[in-house]
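Numbering (the working numbering), first residue to last: 9 to 98.
A virtual CB, placed ideally from N, CA and C, is assigned to each residue, including glycine.
One structure below.
This is the structure in C-alpha cells:
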C-alpha cells in the first residue's frame, strides 16, 4: 500500500555537508574595465550625496542612506567603504 510507513527507524542518519563560501576576486582585466568605466561616467547622484555625508563625518547617516538606495546592508557597507577611500584620494 503506498503512503504507509512501517518502520520509522529505518535507514541511517543523514549529515548535511556544510559548504564553505569562497571569496570571489575580480580578475585584473575586470578591475581595469571597471576603473575605466568609473573614470568615464563619474559618480551617480546618490554616491555624491554619500560622499558629502562622509565629509561631514556622518558615517551612520551615510550607511543608512546607502542601504535605502542599494537595498542591502552588506552592499551599503561596501559602497560606504569604497566611497570613503575615493573621497580621501580625490
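{"Check": "Assigned exposure category for residue 68 - 16 Cβ within 10 Å defines buried", "Outcome": "exposed"}
{"Check": "Other residues of its chain near residue 55: CB distance less than 7 Å, five sequence neighbours each side excluded", "Outcome": "91"}
{"Check": "Rounded Cβ spacing between residue 61 and residue 70 (contact assumed at less than 8 Å)", "Outcome": "4 Å"}
{"Check": "Buried versus exposed, by CB contacts within 10 Å (16 or more), residue 28", "Outcome": "exposed"}
{"Check": "C-beta atoms of residue 106 and residue 63 nearer than 8 Å", "Outcome": "Given a span of 9 to 98 for the chain in the structure shown, any question on residue 106 remains unanswerable."}
{"Check": "Helix, strand or coil at residue 9 [DSSP, three-state]", "Outcome": "Here the model assigns residue 9 a pLDDT of 49, short of 50, so the residue's position is not dependable, and the following value carries that caveat. Coil."}
{"Check": "Residue 58 versus residue 37: straight-line alpha-carbon distance, rounded", "Outcome": "28 Å"}
{"Check": "Reduced DSSP secondary structure (H/G/I, E/B, other) of residue 51", "Outcome": "coil"}
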